Each structure stands twice: as C-alpha cells, then as structure tokens.
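Residue numbers (full-length UniProt numbering): 1 to 239. Some notes on the structure that comes next.
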C-alpha cells in the first residue's frame, strides 16, 4: 500500500467511526467534530492539526483587525483544521451565517475531499467552508479568476500540504496580490519533516525587492509526539 493509500485508508476509518455515532452526537457542533477527529487521529497515528496548534493559531488570528473573513488552506485532509477555521471566523465576526465569511480548503485526494465535505456538513459549516479538489495552486488560481478571492482580500493563509510546495504556493499568493498589511501566514510541520526553503524565506522577511515583507515567529506547542512548531508570519508591508 502506498503512502497516499495508507492516508486515505485512515481517513475512511475515521469517517466510519464518526458516522457510526447517533447523528445528534455531532450535528451542528463544530468543536465537538474537531475534538472527535483529533481524538481518533491520536489513537490511529493520523497527521492532523492538533488542538494545541489550533489554539496557538487562534490566539494569533484574533489579533487581526478588522476581524478576518477570508481564509485559504493548503492541504485539507479530513477537514479538522478547516472546521476549526470556520468556527473561529464565525465567532470573531459574531455570526452564525455564512455571509462574507469563507474558508477555502484545497485537497488533492478525491477520497479525502469527499470525507472532508461530509464532516464539514455534519459540523454545520457547509456554507462557510468550501472544499476544492485538485492541486492547490490550480484551485487557488481558479477561485481568484472567478472573483471569489480579491486582491488584498485574504486575511489568513495556512500551509499544511506537502512541504516542498509551501514556498512556491506562498509566492503564488504574492503574485496574485492576495495579502494585505496584517494578514497572517501560518505553516505546520516546519520543524518536522521540515520546510527549509520556506522557513529561510519568511525568516529573511520575504522576497528581496518584492511587494510583501514578513515578520515571523516560531511558536512551540505541547505535543506528545511529532512536530510541535507552528510558524506564524505577519505581513508587515504590502505594496
């Protein structure tokens, strides 16, 4: 079984576990869904964005003014982090509606994308969190061309897909002009397995002579095993 097949098999097992419960166990309860996913992930050694990292990220996201409304996520897997982002955006904007509050999550695997959609629907966030299937860069370009993303319209970007794509996808965001001053860029797994080119880039402030400059912070979180760092970069200059 390939690595991708193993990842998808664990996602299917999670799906069966969650949906074996009575529907009202999780229906319309995003944080309960996130906790259930991460509890199962801990037992099954699935790589999800765990609760301590979500909380560290939430603390950074709450600093954004005005309150963030648009979030893009590179690497959705089973939707745990995307559900958390949707819940956080709704809380920060004091709304239960999906008006102008959007999370776009990019997932390469059709299997994982389908599971994510069902879990997002279970959490009651299907009108806020949108799963786009296929290569992240292609999906990003498409929704930009469709006008769903505007220039200077992305408040937060989150990178949690294959680490070798972190830097080129960040630079694509820059080339499309998506960030504004104060936007946050959050990256997982920069300590392990590591994203050295990305890390060097944000720590040096970004592209020399480019339109964006960053300040970055490596935030340590509690972790029983595996990567524990969340890299949070803030756009301090956007031209």
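Idealized CB from N, CA, C, for every residue including glycine. From a predicted model like this one, the values you see are computed outputs, not experimental measurements.
- At least 8 Å separates the beta-carbon of residue 78 from that of residue 54.
- Of the candidates 70, 219 and 86, 70 places its Cα closest to the Cα of residue 155.
- In the structure shown, residue 6 falls within a helical segment according to DSSP collapsed to helix, strand and coil.
- A residue is called buried when at least 16 other Cβ atoms come within 10 angstroms of its Cβ; residue 194 does not meet this threshold and is exposed.
- Contiguous beta strand (DSSP E) elements confined to the region 88-135 occur at 102-107 and 129-133, taking only those with 3 or more residues.
- The C-alpha of residue 149 lies about 18 Å from the C-alpha of residue 75.
- Here the C-alpha atom of residue 119 lies approximately 8 Å from the C-alpha atom of residue 15.
- The alpha helix (DSSP H) runs lying completely inside the region 123-198 and spanning 4 residues or more are 136-145 and 166-175, given in chain order.
- Taken atom to atom, the span from the alpha-carbon of residue 38 to that of residue 60 is near 21 Å.
- Residue 166 is positioned such that its CB atom lies no closer than 8 Å to that of residue 158.
- DSSP places residue 40 within a helical segment (H, G or I) once states are collapsed to three.
- Per DSSP, residue 55 is one residue of the alpha helix (DSSP H) stretching across 51-61.
- Per DSSP, the continuous beta strand (DSSP E) segment holding residue 232 begins and ends at 229-238.
- A Cβ-Cβ separation of about 16 Å leaves residue 151 out of contact with residue 170 under the 8 Å criterion.
- In this structure, residue 87 lies near residue 31, with their beta-carbon atoms less than 8 Å apart.
- For residue 65, the closest alpha carbon among the candidates 136, 83 and 93 is that of 93.
- Beta-carbon to beta-carbon, residue 101 and residue 62 are separated by about 15 Å, too far to satisfy the 8 Å threshold.
- In the structure shown, the three-state DSSP call for residue 70 is strand.
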